[in-house]
Structures are given as structure tokens and as C-alpha cells.
Amino acid sequence: MPSWVLSATVFSPLAGAVLVALLPRRDGLLRTVAILTTLLPLALAGWLFWQAPLGEAGFWLTERGLWVPAVGIGYHLGVDGISLPLVALTAFLFPVALVGTWDAVRTRVKEYLVLLLLLETAVLGTFLALDLLLFYVFWEAVLVPMYFLIGLWGSERRAYAALKFFLFTMAGSVLMLLAIAGLYLATGTLDFLRLLGAELPAQGWLFAAFAVAFAIKVPLFPLHTWLPDAHTEAPTAGSVILAGLLLKMGTYGLVRFCLTLFPEVARAAAPLFMALGVVGILYGAAVAYTQPDVKRLVAYSSVSHLGFVVLGTFVLNPQGLAGALLQMVNHGISTGALFLLVGVLYERAHTRDMDAFGGVARVMPTFAALSLFVVFSSAALPGTNGFVGEFLVLLGAFRKDPRWAALAAGGVILSAVYLLWMVQRVYFGPVRPEVRTFAPLRPHEGAALVALVLAVLWIGLYPRPWLARSEAAVQSLVQRVASVAEAASPGWGGRP
Amino acid sequence: MVPWIVALPLAGALVNGLVGGRLGRRGTSLVACLAVLGAFLLSVAATQALVASPERPAQVVRLFEWIAVADFRISAAFQWDPLSALLALVVTGVGFLIHVYSVGYMAEDPDYSRYFTYLNLFVASMLVLVLGANLLVLFVGWELVGLCSYLLIGFWFERPTAAAAGRKAFVVNRIGDAAFVVGILSVWGLLGTLEFREIWRLLGEGGGALRGHPGLVAAALLLFAGATGKSAQLPLYVWLPDAMEGPTPVSALIHAATMVTAGVFLVGRLWPLFEAAGPVLAAVVAPVGAATALFAASVAVAQYDLKRVLAYSTISQLGYMFLALGAGAGHAAFFHLTTHAFFKALLFLAAGSVMHAVHGQIDLRHLGGLRRSMPLTFLGFVVGALSLSGIPPLSGFWSKEEILHAARAHAAGIWVVAMATSFVTAYYATRAAVLAFWGEPADPHAHPHDPPPAMAWPMVGLVVLSAFGGFLGAQWAGAPLRAFLQPLFGDHGEASSVAGAEVAVAVAVALAGVVAGWWAHRARQEPDLGPLGRALAAQWGVEAAYHRAVVRPAKALSQLLAERVDAGAVDRAASGLADLVVRAAAAVRTWQTGNVRQYAAGVLAGAVVLFAYWVLR
Amino acid sequence: MSLDLRPLFPELAVVAASLVALVGDVFVRGPRARMAWPVAGVVAVSVAGVLVWRAGDAAFGSLYARDALGNALQAVALAVAAVGLLLARDYLVRTGLDRGEYYALVLLSTVGAMLMVASQDLLFLFVALETLSLPLYVLAGFARDSHRSQEASLKYFLLGSFASALLLYGVALVYGVAGSTALSRLAEADASFPLLVGLGLVVVGLGFKAAVVPFHAWAPDVYEGAPVPAVAFMSVVAKVGAVGALLRILPATVPHLLSAWQPLLAALSAATMLVGNLAALRQTNLKRMLAYSSVAHAGYLLIGVAAGSDAGVWSAVYYLAVYGAMKLGAFGVLTFLERAGVEADEVEDLRGLADRSPAAAAAFAVFMASLTGLPPTAGFVGKFYLFTAALEAGLLWLALVAVATSVVSVAYYLRAAYTAYLGPARAGVRVLRAPWAGVGLGLSAGATLLFGVLPGPLTSWAQRVAALLR
Amino acid sequence: MTVPASAYLLLSAALFTLGTVGVLVRRTALILFMSIELMLNAVNLAFVTLARVHANLDGQLAVFFVLVVAAVEVVVGLSILVHIFRSRDTVDVDEVDLLRG
Amino acid sequence: MEVLLFAVSAALSLAGGVGVVAARQPVHSALSLLLVLGSLAVLYLTLAAEFLAVLQVIVYAGAIVVLFLFVIMLLHARPPESRPSPVGGQWGLAVPLGAALWAGLSYAVLRLPAGGRELPPEFGTTEAVGRELFSRFLLPFEVASLLLLVGIVAAVVLGSSPAPPSVPPRSASGREEA
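Residue numbers (this note's numbering), protein chains in the order written: chain Y, 1 to 496; chain R, 1 to 617; chain V, 1 to 470; chain W, 1 to 101; chain X, 1 to 178.
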């Protein structure tokens, strides 16, 4: 397989963005071109998914080039079992989000689409970059498009939310930048594969800097307060991408960098992260319950769900890690779909206040049926994708310490509580007069939701293709953490 | 063949769900009923094969590898053995009858195809539950039946009470399910497998080295906690009475005959595990079952909503089954499970007929005198009530007798409770029948009549089963059920001889209950039970206590976390930092006065500081 | 002693262009013909740039050296001058200020900066500094009839002279210690109190030019009052000269005194970043905000000086180049705007820019992102180099201050970029046609993006400076 | 050289300080400007003294250049001052504070 | 002799310095400045800088101070510091800062290496200085001519009455009209 596939995957949306920028301002045309553009990375990601060799742990396709030769920084992309699912998810979610919100944005359509396409390039790059500086570039490049997406097409408090989102993430990532600089000084390289074999100094501090950056992005309690605001104020497609993909950048970073580069510290810090994960699961669910705003409710549910991912990551065994990986994908699909649902409702009611709804299931039966699928996927009902991921995480947690699993299982109860509460208030109950005038589900909305529901069922019923592609990578990572930890004494490293 | 048993109703659900609207009512009903009938016939065929082979080995069909990571590998697989066969027959058999009944009952409903979609989906899910070859597949079914229960309870979702009841059912079940999940994890952690056959193999013969292992005890307790949720046992029973918000056929199928027995099935399925877990069965399962049986029966005495009476009765009867399991009489529990499915479904269908006839009226105080106008319904209800009360020779008598016998052999205290329950059961069953069918019609202008054939024939079928179903397990008939289940529960536990003083006492107690019920309500009056009556009507205050101790605090805690902690502290910390920066920014700006001389002073000050640094260095 | 003037050809070219503009102004009338001055200026600086690019190393007496550091910074200064001239033309015509003197002053100031970064002698440095500064004082007041412009000019002049005097005393002290003002002699001097005080006063004087806290207070006022194109030019050229001189004097000449001056420079750097970014945070006047941003950037540049290492030097050179592109561009966007017939200088005046000139708005967003230090812009790469240099020098705390203030800076840069995308436009604000400035803006934006996406060539180029320092 | 160099240098320091104080305390732009000239002259004195001390002419040449620069500064500065005075009728620097914040 | 000259000149220059800073009238300041310049010229003579002494008198006293005086006349400067200032006399800042500066500078100059080297005979003469100026310091000398050019341009730009432009003159900043 030619290695330029990776570059093509990453940069095809960028090319699309340029194209959209150059085309005349005819909204329909622009939207069509944008959607067609996103099909390119989808096709390429699909091909990667198809071609992925099973049982191979390393990066099975890499691409190298010189980038800043003067300081020995390279252009290095690569895909393995850990990044592949996320690449596939990204390539899948963007067209779905674009189709699902076809004409939800009616002002400055060109800018909107250009930003979304830029965002896709940045997200894909984040997941594929194998040079730390390149990773950081993509990581930060995500911020600006997202900032504008929230700030320009968001709802009432958009400026505040956009800035808050930016400041929180930036605050963490600059620390990561320092850590990257430190790594460079210590080893003379930022090539991920070379760093794997290098002797790293002051691992504790480096780990901490990386971990804080990722924890804010995840977001891990108590660094999560940017998230409800950003999710709530963002336009629908923005929320879908934000929840579905941007949060994954944090969890992906934890797995890819924190675990892999600093295994000893990761082991030492695992209890802390597990605790934070479990706190996040319970806290997010508890806070979600009394939110009057549907979008805020979904946003807090993300805090809860991402807690599972962190928990699974740091139990440091194959089931937990595989579950965490799968749960990243699942959360992307389910919560992305949830935000799409809210977007469909918002299109009709222009409010997100749960009190304004009631009886939607009577007026929009198909929509309600699809919604229930999504809700139960989010509530991890067996047969849906959520169950597979959460169960694996719980299994991993149980192996580590049954008490963690027991606490986390509490989150399973709570997710049913708040999600069904939402369903009861929005979809059920007497039909409110305002709701009676709701337009039925439109074809593009339906198409996006059906695509998501099919993904929900695919992973729920037959997750093998996903699990098999990451299994080897997961196992080798777990072994790496375990073996290094045995070889060296765990601890918080020295001072930088 | 086995996967097809599941596939047929699933296909029915799919067809009705996707294109049900275009099939028309007749098409929808045909698809739904035929799917279940097909599943029933397939089950019968498969059961015959099983009966034919004397060892009755469990037959496992693997479909595909479902979840596999490293040493954890689980397949989607079905298992056909006597227990699943029994349950599959009950589910598809009773299910078919209720499907047919529903054709009549729901004939006027605008969401006809949605109803049958759910109902077919339920049957498929229940079959997944009973046919699953490992705990995880069982759990899939377990949760899916919960989902269907949720959907069907809230079928008339525009009624706020229905929507709330559905959610309550799901959430309360989820509490049990969470424990169940941890139980599954424990089993895997302990045994490294979730396959039933493997579990049996590893824990056969009393568990061997693992007997009484604390992990095993924990696993058994957690799994039992899951069972209490689904089977509405103390303390998680509260959802079932509210579940009566659903259409009555649903109550009959899900909340009486099949789904609620899933807990009993689970314990039976993991019988070797429970046996190996040591004291769990005797110390926990039996007392919980007994307590639930008596408690729910007592509450049923004071209910006026006919369906609620039946719901509490169901809870009570499920308590019997757990009592039996706790007493070690697995076959008795499953015998009762089967007969209970017959007579309780019959009772519900009769109640449904009543509702159908009197325009949804279900309050016993506003019913009465239906005896003459609805003879078939009257017959069905009385047969069901008497069977429930354990009056010979109806089916309930035989199965209850087995349980009482086992209880007596197990522990005197349990037996006493069981007898007391028997009395109360007969009392409230008679009370309900009297209030509904005797006396003068409550509304002289109404002309209630027996239901149309689609609803009548299933009732007839269940009347027959309720009356004569006892042969399945009765000693005089050679206890075929016991023999059938023998590979699972073994031979231990002495069979009831159905003779002698023991039976006489039991029958006497039941008759006493019937007589008391008749006597107390013969004039359609409610005897004043004083404070006891009020306590009973209020379910001993359990619901209120839950509200005070769980629901309200949970809501308050959530509110507290959202407002005080999240917005008030966590977010405030971040915005406080931002405020600090902004205040510093404002301070810095005040230095910029626009005055040149001050700026010069600033430059000079900088220079002086520089000097100072080099002097002091 | 015969003089080989060849190394001075670049400077001479620029001087010649300035003379052309001055003298020609007397004779030439008519708007079309007057286009000759900017064209001549741009051509001259381009030629000078090529000459600098091709120039080898050569010493010119003991005062002036044509070396890698000088060449690099001269190239930056020339590029800045070229873009600065392009940005000015449309504005000057519009405001009736289109006089040859403007171009002459810009070019003379550029010569000052060129000499300053190449000077090997403190005395010569002083003369060059004045050659840089005096034209800037006049440029600040070039909008003769504006009270604000006058005030800017007066403040800049008075404070600038004051700072020059302080610098001069520093030179005297150094001379007293070393017996010469040549840097080569300074390099041999041992640490002594008078030497350090002398160096300190030199730092004060140069710090003033670069707008380093606490010598920065003039900058916001002057930038607000002066005409926009002049601000764009001066905000960059003064920094090129001053930071270049600091690099030459401190890390390149007295590395053996590192332990003496490093803490001080680091402290200045930290204070500058903090004050600059904090003060910019609440500004509603865009020119003032950019002025404080330029203060803040002086702080970032000082990191490179404070690091005192090869990496520090070349990182600072890199960042100077990048800073030139993004700052010129940021101010340049303002030359497109006009409110009620005068300069539009409020952040709010940007409203609606995206609708009326999408390209300008997009470019502005790029400049803001780059000033913030976000990838994939050049500002990010530059900051990364500087932070790395700080870490390498063991100045972790300084790096932390730098990143923390970068985060703070997000708030005001992004707000400005964001405002450009809000509508509707403020009443009375017009977006003007400015083809010359458009070219300048395009060049700046192109450089900002190019050096961010493909930093390799510029990095190698900057690194040559460090290699040849030794 | 009977008077020690340090005496000259101390005088220069004192004059320089006087100049800086003048810049800080005077409001008339002209006087403020003259104070700066005073500072430059103090520097010149130091240069001349140090040239004498080191017995090389660099210091004296420095004075020459300072002189030239001072002359140009005066031209430029006075142009600015006169210009401002003509349009605002004041040379009080405290009144020149349109720009602030 | 030298001591006396030094003492008198130093005293006069200090007095002049105080005068520059303290005089109420700009004219008095200018005259005080003249006093300083003159005294310094004398001191230059004692320091073997005859060329500079001459230059000091011609350029500074003869040109610069005269220029100052012209401007003072032009502005018919009245005592301006009558209205209250927003920052006051700033003495509170100036005195401690000045004291610190003076202390620092004094300490620094006292620690400079002592001289005592023999001077060449023609040291400081016009010829000697000129030779240096046109050899080693030729470049700054040329640059200084550029500076003078800047001065001229400044005078032209700021001093000339505005040429009648094709568009009406506009101020560069928007807020002042408000």
C-alpha cells in the first residue's frame, strides 16, 4: 500500500477547503462540494480499515519526510491499531455531520464549510502524526477553526463559550509544548518511534505536562467546565465534531503518548487517573440529571462517558485498553448522534429548554425511533456499541480492582436515569401545542441518523472488525507498560 | 434450528417495525402472530428431540465470535437444554396466545404496528435470554427484555404516568442490572469463562475446591441482586405495580408470565454456581423470596386497582419461586413458574376483557356484577383465582404444593410464612373476584359483554392450561417436568407425595382464605382493618420511604452538584483565575497615564533597579 | 587608509533611494508620477536585499562588520522597509500626506537599522541608533495636523532622547573600563561594577527602542497617535535594530559575563511579557492593543537574548523575521479601514470586514493566530524555538511565564480576529480600495503562513547566524 | 594632571543626575529638552575625561559625534515643539496627554 | 592652577545645571545651560581637548543655545507651570531616583581604572582629532551627515506650511474630534 495514502487522507479535506474557498458563493454548490470532499478521506480511511493487517502490533503504514531539517524535525505519519479506529471514526463523522446539518447554517456558508474542512484535516493529522511537533501543530490547529465555529455560528453566549474552550485547551497544550521542547532537548529528536527507544529524563514532569493537556481535552474532572459551555453554544455540526472527535484527541493522547512514552510514570499515576475517571463517570452523570438544557445534559453525559475511557486506559490491561479504544469510537458515534438529535429539535423549536418539549414522539415518530436507538446506545444497552465498550472497560477495571468496576457500574445506572428522564420530558408526555407544528424528519437528517444507528448496531452486534484491528497494538502496549515497569522502579522521575 | 427460534420473532419485529405501516392491521397481525407461532412450533420440535434423548445434553450453537480481546473471548451462541426448552415453550406458547388476544384488544389503537413490533421484539429478546449459551448473551436478552418492557409500559407515552412508569421500570431494573454486570465480571474473574457449560463443568459436584469461595459467594449475591430487580423482589419490586400502565396483554405476557420470571430462570441457569456458593441460597434467596411473597400478598389485599392486585400477586408468586429455589427445590420453582404463567396470564387477560368491556374501568369499587354479562371472562377469572389460591385440582395447587413441601423440608419459619401467604393469597384472589363479578352491576346502563373471538379463544386456551396444567409436574402424573429438568437439578429434594396431613393443612388454609375473602366481601363491602388497612393500602410505606430516602436525596444531590459544586466551585475556580488576570490587566493599564514625565520616571526607575541588582549581587 | 566601499553598497543603495525621493519631490508633480518614490524605494531595498544576501563577510574598519548576524537582520530590515513602503502608499495618498519625505524618512531609518545591527562599536551603534530613531520621531508626527500625531511625535522624541542619553552614559562607562568603544575590546573586559552598569545603561537604551518593560511606556501612546503605516514600520524596524544590537552586544560579545546579565535579561523578558499581554487584554483601541502586543513580543524576543546561547540567538533572529511579517500585516489591515474620514483604530471598527473584504479578514485572522503563536503559522514555530532555547538555557521559569502569557494573549488576539467576522459594520466605517497595501498584506500573510508550514529554509538561514557567531 | 580624573567624573555624574531630575520634574517641554542637553553634556565631560585617562582619542571623537547628534536632535526636537505650539498653543508636557490608557 | 580652574568651572557648571532644572523662565534655563556649556569648555581645555573646547563653544553655545533662545522668543514663552499638574512636580519620585542614580554612577565612575598615562604632545588638537575622524571614524562621520539630512527633512516636514493637497487634509486619528 503506498504510503502517500496517509498524506492524502489528512490533506484531502484541506484541498477541499481551498476549493470551497475559491468557488462562488452558491450555498448549495458549496455544501455539495464540501460533502463530496469529506467522502474522500472516508474512502481512504475505509481502505485503510480494510487493508489493516490483523495481529500486527506496530505501525503498519508510515510516511516520512523532512520538514524542518535544520532542527531534525520530520514529517512523519503512521497508522496502527490504536489510531486506525479513530481515523475511521473521524472520516465517518464529518460527512455524517455535514449531511445531518445540511442547511442548519445559512449565514457565511463558505467560511463555515472551509473551517469544517480545515478542522477535519487537523483532526486526522492529530491522529496520524508520529512526530511530536507535527502532532502538536495539528493538535493546536484544531483550536482556531473550532473557535470560529462556536464563536460565529453558536447560540447566545457563543463568544464566551468559544473563548473559554480556547483558553482551557490552550492552557493545557502550552504545557505540552514545553514538554515537547524538553523531550527534544533531551533526545535530539521528536520522532515518536525514535523516542520509544530513547532514555527520557524527568519523566514525571514530562508525563504531567502531557497528561494535563490531555486531561483538559478529555475532559477529566475537575477540568471539564469548558465543555458544557462549548458544547451547548456550538452549532450542531460543531457539537458533533467537538464531542465526537475533539475529546478523543485527549484520550488518544493519553494512550499514545502518556502511556507509551512514560510507562513507568503511567503505572505510578494510574490510580489517580482511575479515580478521576470514576469520579468523572459518577459526577458527570449526577450533574447531567438536573440540567434543564438538553444540550448541557448531553454535554455532561460526555464527561461521564469519557470517564469510562480514562478508566479503561489506566487499568493497563488488554480488555480495559481495548474497551477504552472502542469506547472512544462509540462515544463519538453515540454522542455525535445525540447532538445531531438535539440539533434536529433545535431547528424546529429554536430552544434547548426541555420544558419546551413534550410529545415529540407523536409528531415525529421516525425521529423518535431513531432517537431511542441513540439514547440506548448511549446508555450502553447490550446490542448497541456502548455496551461492548463499557463492558470491556468494566472487565478491565474488575481485573485491576473489583471496587473500581463496582463504582463504575454505578454510572451505568445513572446514565439510564438522566437519559430516560430526557426522553420522558422531550419525546413522551402530552403533545405541546408548539411541538404539534414541528416539521417531520427531513431526508438528510434521517440519512445521517440512520448512518449513525447502523454504526451503533454494527459495533454493538459485531465489534470483531474493530477489536481485531486494535488487539495486537493494545496487547503490545500493555506489555510495554508492564515490562518497563518491572524493569525500572516506578516513581515520579526527577526534576527537569 | 435453535437460532431460528429467535430469528422468527426478530424478523417479525423488523418487518413490522420497518414496513408495518404499509401492511395494514391484518398484515401486521398475521406477521406478528405467525412469527411467534413458528417459534413455538420450532420449540416444540426441538423439545421433542431433547425428550427423545435420555441424557438430554445441552446443545450449543455458535454463531460468531462477538467480543474478543486477549484472553477474554465470548461468542454469540445459543444453548438448547431442558431449562431453555421449558422457558422457550412457555414464552412462545403463552406469547402466541397473548399475541392473538392482542389482535382483538388493540384493534382500535392507532399505533397498532408499533405495538406488535415491540411485542415481537420482546419475544425475540426473551428467547435470547433463555437460549443464551453464556452469561453475556443472557445479559443481552436480559437488557433487551427490559428495553421492551420500558417501551411497552410507556406504550401510551402521551400519558405522563405511563411515560414515568416506563422509566421507573427501566431504572429500577438497571440497579439490579449493574449488580448483575459486576456479578458477571466476578464469575469471569473467578472462573475465566462465562459459558454455562464451562461453569457447570467447573462447579459441578458442589463446586469442588471453589465451594464457598468468597468470590463465588459475592458473585452469587450480585447475580441474585440482578434477579431481584428483574423479578421484582424486595427491595426492588417497586416498578412492577407501576408497570400496569402498559396495555393489559403486555402485563399478562411480560409482567406476569415471562420477563419477570427471568430472575428465577437466572438462578436456575446458574444452579451449580448457587449450590457451590454455599449459604447464599438458604440464607438469602429463600428469606428474600418468603418475605416478598408475604409482603406483596398483604399489600394486594388492600388494592382497588384490579391490575395492581394482580401485579402484587405476581410479585408474591415470584417470591414463592425464589423461596423454592432457596429451599433447594429448583424443579418446584420451575413447575410453579410454568403454572403461574398459565393462570396469571389468564387472570390478566380476564382483567383485560373486563377493561375492554367497561371502557377501561379497572377500579374494583366501580366494578361488579359482571358475572352474568360476561360468563366466559367470569369463568376465566375464577379458574385463575382458584388456581392462584391453590385449590385442587387446578394447576396452581400442584405446583404450590411442591413448594410448600420443599419449604417444610427446608425450614419451619419459611414454611410458616409460605402458609400464611397461601391464606392471604386466597383471600385477596377471592376478594377481587367477588368485587368484580358478584353483586349488582355498578353501572346499570352499561351493557358489558364477553370479548370478540380473538380475545376469547386465547382465554379458553389458558383456562384449559390453568385447570389441567398440573399434570406437567404433579407426582401422580409421574412428574414429567421433574424428570425433564433432572439433568439440571438432579434428584435430591424429596418429592411431595401429595398426601397426608401436610396437604390437608395446606388445602385447609387455602380454603379458609377463600371463605374469609368471600365472607368479608360478600356484600361488596370492605371490612375495616384499621391502621393495618391503611398500612396495607400504602404498601407499608415502602414507596414513600423510597421517595424520601432515595429519589429526593438523589435529585437534591444532583442539584447540589450542578449548582453549588459545578457552577459554584469548579467553574468558579476557573473564572476566578480569569478575573484575577483581568484585574491585573486593569491595574497595569492605570500605569499608562499619558504623561511623559512619568514615563521618563519609569525608564529611570528601571535603570535604578538595574543598578541595585548589580550592587546587591 | 583607503576605504573599500563595496560592503556598504546595500546601505548606499537605500540612501540613494531616499535622496531620489527627497530631491525628486521638489520637481515632480502629479499623482501618477509620484508613484516613482515608493517604486524606487521598493526597488532599492530589494536590490540592497539581494546585495546583502550575496555579501560575504567583511570587516569595515573596526566599527562595522558585514557578518552573518548583520546580514540576516539587514535582510529582515530591508524586507520590512519594502512592505512598509507598500503599506504606506495608498494611505498617504488618501490622507494627503503623499510626500517624498515620507519615503525618504522610512529609507533613512532603515539605513539606521542596517548600520545598527552591523555595528561593531558602541559609539557607532549610538550614531546608527539615532539614524534609526530620528526619522521615526518625524514619522510619528507625519500627520502634521493631527493633535494625536503631534503628541506621539513629541513623546517619542523626548523619551527617546532621554533614553539615548542614558545609553550614552553607559557607553562612556564601558569606554572607561575598556579604553575603547569597540566590541572587540569589550569582549576582553572582565566583570566590574562600572562595566556592568555601563552595559546595563546600554540595555536600557536599547530596551527603550525595543519597548521592553519598564522602558516601554511610550510605545502605546506613540503607536496610537502615529499614522498607521508609520506605526507598522516603526514597530518592527526599531525592534530589529534594538534586538539585533542586544544580540550582538550580549550573547555575541560578552558570553563570559552570562551569569551577570542573564538573570536581568530574563527578568526584563518576563516583566515585558506579563505587562504587555496584560495591558493588551482590555484594550478596545486596536492600535493600542497591537502596541501592547508589540511590547509583549519584545519580551518573547528577549528570551532569545536571555538564553545567551546559539539557539537563543538564532531563535531570536527567526522570530524577528516572523514578527516583522505578522506585525506589519496586522497593522497593515488597518490601512484598509476608515471611520468618518479618519483612521479606523477601534477593535469594533473591524466589524463586517469579512463581508466586505474576505481576504483582508482572513489575512487578519492569520496574523492574529500567528501573534498568539498558534500553528500552523510562523509565530508558533518562532515561539517554539524560543521556548526550547529558554529550556536549554535552564530558564524553565521564563518559559513558563512565556507560555502562560501566551495563553492570556489568546483572549485579545482572537477577540480581534473574531470581531472581523461579526456584522454588521459599524456606521461610518468604510473599507477602502488599497492595491499597494494589498500587495504588502499578501506578502506578509504569505510569509506568515509559509514560515509556519515550511519553517525549514528560514530556520537553516537563521541558524547560519549562530554558526558564524563564534 | 593634578586634579584626579575621578573628580571630573563625579562632576559629570552629578550633572547627569541633575539633567535626569530636570526631565522628571519640569513640565515645560523646552526646559525638559534642555535638561536632556544637560545630560548629554555630562556624558561629554565623562568622555573627555576618560579620553584623558586612557590617553586615546576615541573619547574625544565620541564627544564630536554626541555633539552632532545633539545638534540634529535640537533641530528635530525644536521643529516638533514649534509645530505643536502652533497648533495647540502650549508646550506644557502635562497637557499633552490625549494618548493614554 | 588646574585645581582652581576645575573648582571654579565645576562650581559654575553645577550652578548652571541647577539653574537649568530650577529656573522658572525658559530663558533663564537657557542662560543657565549656556553657563554650563561654557564651564565645560574650560574643563575640556584642562583635559587636553582643545578642539572639543572650541567646538563646544561654537556649536553648542553658538548654535544650539541660540536656537533654543530663538524658539523661546518665538513661543513668547510665559511661565507655563501655573496650572496644577496631574502628576505634580514629581519631586517625590525624582529625588530618590536621582539620588540612587547619582550614587550608582558615582560608585561606578570611582571604580573605573585610574589614568596617568602620558599624553602624546598633539593630543586633542584639531589635527589629531581630525585625522582620527577621517580615518577610523569616517563611516560614522558620513552617517552623521545622514543625520543632518534627517534634521533638515524634519524641519521641512514639520515646519513648512502644508502643500495644498488634492484631497482635503485629514487628521490621522479619529477620536480627537469627539
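Each residue gets a CB set at the ideal place from its N, CA and C atoms; glycine is no exception.
Tell me whether the beta-carbon of residue i lies closer than 7 angstroms to the beta-carbon of residue j.
| i | j | result |
| --- | --- | --- |
| E620 of chain R | G359 of chain Y | For residue 620 of chain R there is no data in the structure shown, the boundaries of chain R being 1 and 617. |
| L30 of chain R | I5 of chain R | no |
| A69 of chain V | S109 of chain V | Note that residue 69 of chain V is Leu in the sequence shown, not Ala. Contact flag unset, no. |
| T314 of chain R | V91 of chain R | no |
| A46 of chain W | A172 of chain V | yes |
| A161 of chain Y | E233 of chain Y | yes |
What does residue i pair with, by DSSP beta-bridge criteria?
| i | result |
| --- | --- |
| D111 of chain R | Note: D111 of chain R sits in no beta bridge, so no partner. |
| H83 of chain W | DSSP, once it has assigned bridges, lists no residue as partnering H83 of chain W. |
| N16 of chain R | None; N16 of chain R has no bridge partner. |
DSSP state of residue i, grouped into three classes?
| i | result |
| --- | --- |
| L96 of chain R | Checking the sequence, you will find Phe at residue 96 of chain R rather than Leu. Here F96 of chain R sits in helix by DSSP. |
| F155 of chain R | coil |
| E118 of chain X | coil |
| G78 of chain Y | strand |
| P457 of chain V | helix |
| D89 of chain W | coil |
| T2 of chain W | coil |
| L98 of chain W | coil |
| D81 of chain R | coil |
Restricting to Cα atoms, I'd like to know which of the options is closest to residue i.
| i | options | result |
| --- | --- | --- |
| M1 of chain X | X:A100, X:L45, X:G89 and X:L37 | X:L45 |
| A434 of chain V | V:R66, V:G70 and V:L92 | V:L92 |
| P440 of chain Y | Y:L206, Y:L341, Y:L325 and Y:A285 | Y:L341 |
| S83 of chain Y | Y:S470, Y:L477 and Y:Q475 | Y:S470 |
| A567 of chain R | Y:G154, Y:P228 and Y:L66 | Y:P228 |
| F155 of chain R | R:Y320, R:W519, R:A612 and R:P247 | R:P247 |
| K230 of chain R | R:L318, R:T117 and R:R73 | R:L318 |
| G383 of chain Y | R:L34, R:G27 and R:L147 | R:L147 |
| V660 of chain R | R:G20, R:W271, R:A52 and R:I67 | Nothing about residue 660 of chain R can be reported from this structure: the residues present for chain R run from 1 to 617 only. |
| V463 of chain R | R:F342, R:Q361, R:V509 and R:G368 | R:F342 |
| S304 of chain Y | Y:F214, Y:P69, Y:V212 and Y:I413 | Y:I413 |
| D97 of chain W | V:G446, V:A75, V:A217 and V:E392 | V:A217 |
Along chain C, in chain order, which residues have C-beta atoms closer than 8 angstroms to that of residue i?
| i | result |
| --- | --- |
| Y169 of chain V | The structure shown contains no chain C; its protein chains are Y, R, V, W and X. |
- Message: Quick check on the DSSP output: what are the complete alpha helix (DSSP H) runs of length 4 or more inside the stretch 61-119 of chain V, in order along the chain?
- Response: 68-95 and 100-118
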